[in-house]
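Some notes on the structure that comes next.
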Ligand code: AVI
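Here you go:
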């Protein structure tokens with residue numbers, strides 16, 4: 121998860137960066153707003169729903185791979201490392217890893233302190249003997265980890281194919297900054313979604329129940345709520361597109377008629393058929409994934425996938 125916002129509603133609480141990104145994104149061509157702004161309270165709930173959809177294979181596929189791979193991860197990486205999770209641990213995936221690698225400490229990093237405290241409490245209940253050190257920070261920027269774990273070798277954990285939501289240049293920057301934050305001798309366990317047939321990808325991002333559409337459109341509701349927007353949400357529809365050239369699913373919001381609206385006192389128009397680009401979800405083939413890791417300063421040492429090769433988990437060393 122790139123960003124979770126807990127507080128909703130009051131425009132005086134609106135994040136200045138949200139305001140800046142929305143105003144700049146609506147003014148530029150092609151229009152584009154960063155995907156991190158999906159995750160207000162409603163957006164986070166809708167994302168949780170997405171992960172349980174029959175069409176959205178990544179979450180359950182990665183979970184099954186983790187169940188199988190983690191004992192081997194423990195053998196290769198050894199036990200007693202400090203596990204550092206980028207983006208706070210989902211209550212389901214993290215315990216699979218923690219149970220097998222017997223870490224000396226667990227450091228979940230998230231930009232939302234509230235979410236971080238909640239998930240840390242849940243994990244501490246499950247692992248009463250584990251030292252849990254929640255760390256509130258934007259992991260997209262270089263970090264200085266808590267001193268308590270300064271001497272422990274680290275195992276970074278970045279599941280969920282969140283790396284896919286970054287364009288390759290940003291993904292490489294992030295991998296490099298993770299390497300720097302985790303230090304000498306670190307290892308990284310990272311999930312990446314595979315390139316696959318277009319129809320599987322399209323239905324994963326345009327499900328029959330319309331949950332992904334609601335997730336995408338919620339961004340407009342959030343803009344209206346937090347930035348005094350007047351966007352007619354019913355004049356937009358969710359569109360998922362497979363961009364084969366860039367090996368990514370793109371999500372857009374397409375105007376179904378000419379629309380005019382204001383956001384934070386600024387006027388905008390979107391002609392019928394034009395879109396606001398809201399997300400990229402890059403998919404990686406076997407070689408692409410290895411090239412990405414190496415470009416980010418990591419050497420792949422092991423890889424696990426599911427029988428259908430839909431999703432892959434990589435273990436890499438610094
Ligand atoms: C969070 N991220 C990895 C999801 C993905 O698959 O790219 C976000 C998402 N967007 C639509 N469905 C799920």
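Residue numbers (our numbering): 121 to 438.
Cβ atoms here follow ideal geometry from the backbone N, Cα and C, with glycine treated the same way.
Note that the coordinates shown come from a computational prediction; the quantities given were computed from them, not determined experimentally.
> Under 9 angstroms between the Cβ atoms of residue 270 and residue 263?
Replying inline: Position 150 of the chain shown, counting from 1, holds the residue named residue 270. Position 143 of the chain shown, counting from 1, holds the residue named residue 263. No.
> What do you get for residue 287, buried or exposed, if any count of 16 or more other CB atoms within 10 angstroms of its CB means buried?
Replying inline: Translated into positions along the chain shown, residue 287 becomes position 167. So residue 287 ends up on the exposed side.
> How close, in whole Å, do the beta carbons of residue 218 and residue 250 come, if the pair is a contact with beta carbons under 8 angstroms?
Replying inline: Translated into positions along the chain shown, residue 218 becomes position 98. Translated into positions along the chain shown, residue 250 becomes position 130. Right, the Cβ-Cβ distance comes to about 7 angstroms (below 8 angstroms), so this counts as a contact.
>> My parser needs the alpha helix (DSSP H) runs of 4 or more residues fully inside the stretch 207-290; what are they?
In response: 213-221, 233-246
>> By DSSP's criteria, residue 204 is part of a beta bridge. Which residues make up the other side?
In response: Stepping through the chain shown from its first residue, residue 204 is reached at position 84. According to DSSP, residue 204 bridges with 227, 276.
> Near residue 425, what residues of its chain come up, given a Cβ to Cβ distance below 6 angstroms and the 5 sequence neighbours on each side ignored?
Replying inline: Locating residue 425 in the chain shown gives position 305, counting from the first residue. Correct list, in chain order: 432.
>> Between residue 404 and the ligand AVI, is there a pair consisting of the residue's CB and a ligand heavy atom that are separated by less than 8 angstroms?
In response: Reading the chain shown from its first residue, position 284 is the one you call residue 404. Residue 404 Cβ: outside cutoff for every heavy atom of the ligand AVI.
>> Looking only at its chain, what residues have a beta carbon closer than 8 angstroms to the beta carbon of residue 222, apart from the 5 residues adjacent to it on each side?
In response: Mapped onto the chain shown, residue 222 falls at position 102. The residues are 194, 199, 200.
> For the stretch 339-352 against the stretch 305-325, are there 3 or more C-beta pairs whose distance is under 8 angstroms?
Replying inline: no
>> If you follow the alpha helix (DSSP H) that residue 169 is in, where does it begin and where does it stop?
In response: Sequence index remark: in the chain shown, residue 169 carries index 49 (1-based). Unbroken alpha helix (DSSP H) run through residue 169: 161-171.
> From the DSSP output, which residues share a beta bridge with residue 359?
Replying inline: Mapped onto the chain shown, residue 359 falls at position 239. According to DSSP, residue 359 bridges with 372.
>> Could you check whether the stretch 279-293 touches the stretch 178-195, counting it as contact only if at least three pairs of C-beta atoms, one from each stretch, sit closer than 8 angstroms?
In response: yes
>> Suppose you measure from the CA of residue 160 to the CA of residue 235; what does that come to, to the nearest Å?
In response: Numbered from its first residue, the chain shown carries residue 160 at position 40. Numbered from its first residue, the chain shown carries residue 235 at position 115. Looking at the two C-alpha atoms, the distance is approximately 11 angstroms.
> By Cβ distance, which residues of its chain are closer than 8 angstroms to residue 129, with the 5 residues on each side in sequence left out?
Replying inline: Within the chain shown, numbered from 1, the residue matching residue 129 stands at position 9. Caution applies to residue 129, whose pLDDT of 47 falls short of 50 and renders its modelled position unreliable; the model cannot decide the point.
> In three-state terms, what does DSSP make of residue 313?
Replying inline: Residue mapping note: residue 313 aligns to position 193 of the chain shown, counting from 1. Three-state DSSP puts residue 313 in a strand.
> Which one of 202, 212, 241, 214 has the shortest CA to CA distance from residue 224?
Replying inline: In the chain shown, residue 224 corresponds to position 104, counting from 1. Among 202, 212, 241, 214, the Cα nearest to that of residue 224 belongs to 202.
> Nearest-angstrom Cα distance between residue 417 and residue 168?
Replying inline: Here residue 417 refers to the residue found at position 297 when the chain shown is read from its first residue. Here residue 168 refers to the residue found at position 48 when the chain shown is read from its first residue. Distance between the alpha carbons of residue 417 and residue 168: 32 angstroms.
> Quick one: is residue 140 buried, meaning 16 or more other Cβ sit within 10 Å of its Cβ, or exposed?
Replying inline: One-based indexing of the chain shown puts residue 140 at position 20. Looking at its Cβ environment, which holds fewer than 16 other Cβ atoms inside 10 Å, residue 140 is exposed.
> What is the DSSP secondary structure of residue 351, reduced to helix, strand or coil?
Replying inline: Sequence index remark: in the chain shown, residue 351 carries index 231 (1-based). Coil at residue 351, not helix or strand.
> Taking the continuous alpha helix (DSSP H) assigned at residue 179, which residues delimit it?
Replying inline: Position 59 of the chain shown, counted from the start, is the residue given in the question as residue 179. Segment 177-197, the alpha helix (DSSP H) holding residue 179.
> Counting along the chain, where does the beta strand (DSSP E) carrying residue 431 start and finish?
Replying inline: Taking the first residue of the chain shown as 1, we reach residue 431 at position 311. From DSSP, the beta strand (DSSP E) with residue 431 extends over 431-437.
>> Can you give me the C-alpha to C-alpha distance between residue 333 and residue 170, rounded to a whole angstrom?
In response: Walking along the chain shown from the start, residue 333 turns up at place 213. Walking along the chain shown from the start, residue 170 turns up at place 50. Each residue's Cα considered, the two are about 10 angstroms apart.
>> Between which two residues does the beta strand (DSSP E) holding residue 136 run?
In response: As a first step, residue 136 is located in the chain shown; it is residue number 16 there, counting from the start. Looking at the DSSP string, residue 136 is not in any beta strand (DSSP E); the run it does join, the alpha helix (DSSP H), is 136-147.
>> By the DSSP assignment, the beta strand (DSSP E) with residue 394 in it spans what residues?
In response: Sequence index remark: in the chain shown, residue 394 carries index 274 (1-based). Taken as a continuous stretch (DSSP letters only), residue 394 belongs to no beta strand (DSSP E), as it is neither H nor E.
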